[in-house]
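Novice: Chains as they are written, first to last, in my numbering: chain X, 39 to 260; chain V, 39 to 260. Beta carbons: idealized from backbone N, C-alpha and C, even for Gly. This structure is in structure tokens; I'll ask about it shortly.
Given below as structure tokens:
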């Protein structure tokens, strides 16, 4: 059985867990404490990041988008990057939006300060950084709202890797209780549809020691 | 003729210019002053970033990796993302390494402080940030050195999008005169081979007003 080195509240790991779930690929999950910078782990992925996907024969693939593209090329239905070259570009553009822009402007500010800083031994959360993250959430939820008003799913008519990538980041921020869903009805309906997918349900069971997600986090009808 | 909205010293724009050059696709280049946040430009790419590729029929594609994948899927030889799914994953892993990790740890610290801050009207460069960028260069050049010792090109036996992505970032930092090439002989030889490619030569002619690259920057035998 293949395996996945991951962290429960890491959006990039969640992205691959959902991809595996959608494609019905069973993989064993192993938590990798990246802050320990284990020599064996760094020899597999010198970037020191999760997720890392390990095939049965020991072959390793790291970096979430590269793993997602690899699984898309090697596995069966359902396709998650599909359609014309233009439609595929739109899916990849939105993956990049959330993995880079949302990650830099929201995830790192909020998850980084509130959770990761503690594990990395980097001291107390900075309230200034957290405020900056809050201010940026609005732009991004507004963008999801805008897309969800015009399209059935973020990149078009069908569920794609763009939705998976966005929901992976959103779910981590929602775990922190930092999303005012009542202000974003279209985005909320989009997220509710993703929460109800069998591939997504296991993520909602994750618990980080010393933290407690808000009551609505697991609720499919939030 | 298709066109490309770009900035001369932007590594992501350079990546697509090299891809177009390798694939012998002629495109007109138009400088986009992203700091002006033109309404028309933001309606094309709400991320407000270059490059944006515009097809003859007006179709627009943004985000450099998405454009590169699009050009790979729609155009002819030479292939830049090739081989088995595993080899393709390695190419994409390295693209991500430079577009995300190198960009965050080096490009934004050095190019961001020394050049972009002025255009964005964000004040004087921070010497602390610049020092952090300098400290990070060594890790990354060391990694290129390590790869170049083991492989003909960064991702394996053949020139790929990984080399293009790395060289795009490296070339911007080299424009600033910030790379101590004498410490990295293998990396230097790898970069010299890229500099001599016809697709790369035009980039070396770029000049940013008020700046002057070091003497070795344009020199193919540096």
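(1) Determine, for residue 88(X), whether the minimum Cβ-Cβ distance to residues of chain V falls below 8 angstroms.
(2) Compare the Cα-Cα distances from residue 46(X) to each of 219(X), 88(X), 115(X) and report the closest residue.
(3) Starting from residue 142(X) and walking both ways along the beta strand (DSSP E), at which residues does that stretch end?
(4) For residue 232(X), which residues from the same chain have a beta carbon less than 7 angstroms from its beta carbon, with the 5 sequence-adjacent residues on both sides left out?
(5) Going by C-alpha distance, which of 51(V), 59(V), 203(V), 225(V) is nearest residue 114(V)?
(6) Report the option in 44(V), 49(V), 162(V), 117(V) whose CA atom is closest to the CA atom of residue 211(V).
(7) Closest by CA to residue 141(X), which one among 167(X), 251(X), 207(X)?
(8) Can residue 230(X) and residue 258(X) be called in contact, C-beta distance under 8 angstroms?
(9) Decide if residue 139(X) is buried, meaning its Cβ has at least 16 other Cβ atoms within 10 Å, or exposed.
(10) Where do the ends of the beta strand (DSSP E) carrying residue 100(V) lie?
(11) If we count the other Cβ atoms within 10 Å of its Cβ and call it buried at 16 or more, is residue 80(X) buried or exposed?
(12) Taking residue 226(V) as the reference, which of 182(V), 63(V), 246(V), 188(V) has the closest Cα?
(13) How many Å lie between residue 32(X) and residue 105(V) at the Cα?
(14) Quick one: Cα of residue 55(V) to Cα of residue 246(X), how far?
(15) Answer with buried or exposed for residue 147(X), where buried requires no fewer than 16 other C-beta atoms within 10 angstroms of its C-beta.
(16) If we call anything under 8 angstroms between Cβ atoms a contact, is residue 92(V) one with residue 98(V)?
(17) With a cut-off of 8 angstroms, does the C-beta of residue 124(X) fall near any C-beta of chain V?
(18) Give me the Cα-Cα distance between residue 178(X) and residue 143(X), rounded to the nearest whole angstrom.
(19) Would you say residue 138(X) reaches chain V, if we count a Cβ-Cβ gap shorter than 8 angstroms as a contact?
(20) Using the beta-carbon of each residue, which ones in chain X are nearer than 7 angstroms to residue 196(V)?
(21) Report the partner residues of residue 194(V) according to the DSSP bridge assignment.
(22) Report yes or no: is there a C-beta of chain V within less than 8 angstroms of the C-beta of residue 145(X)?
(23) Using a Cβ-Cβ cut-off of less than 8 angstroms, give me the residues of the stretch 81-112 of chain V that come near chain X, in sequence order.
(24) DSSP three-state call for residue 113(X): helix, strand or coil?
(25) Output yes if chain V places a C-beta closer than 8 angstroms to the C-beta of residue 174(X); else output no.
(26) With a CB to CB cut of under 8 angstroms and the five nearest residues on each side skipped, what residues in its chain are close to residue 125(X)?
(27) Any beta-carbon of chain X closer than 8 angstroms to the one on residue 130(V)?
(28) Under three-state DSSP, which class holds residue 260(V)?
(29) For residue 92(X), which three-state DSSP category applies?
Specialist: Here's the rundown:
(1) Not one chain V Cβ lies under 8 angstroms of residue 88(X).
(2) 88(X)
(3) Premise fails: residue 142(X) is in no beta strand (DSSP E) and is neither H nor E.
(4) Correct list, in chain order: 201, 205, 238.
(5) 59(V)
(6) 49(V)
(7) 207(X)
(8) Yes, they are a contact pair.
(9) buried
(10) 98-100
(11) exposed
(12) 182(V)
(13) This structure cannot settle anything about residue 32(X), because the visible part of chain X is limited to 39 through 260.
(14) Those two C-alpha atoms are separated by around 45 angstroms.
(15) buried
(16) yes
(17) yes
(18) 9 angstroms
(19) yes
(20) Chain X residues near residue 196(V): none, gap ~18 angstroms exceeds 7 angstroms.
(21) 191(V)
(22) no
(23) Taking 8 angstroms as the upper bound on Cβ-Cβ separation, chain X lies near residues 84, 85, 97, 99, 100, 101, 103, 104, 105, 107, 108, 111, 112 of the stretch 81-112 of chain V.
(24) coil
(25) No, residue 174(X) does not count as interfacial toward chain V.
(26) 193, 194
(27) Residue contact check for residue 130(V) against chain X: a CB pair falls below 8 angstroms.
(28) coil
(29) strand
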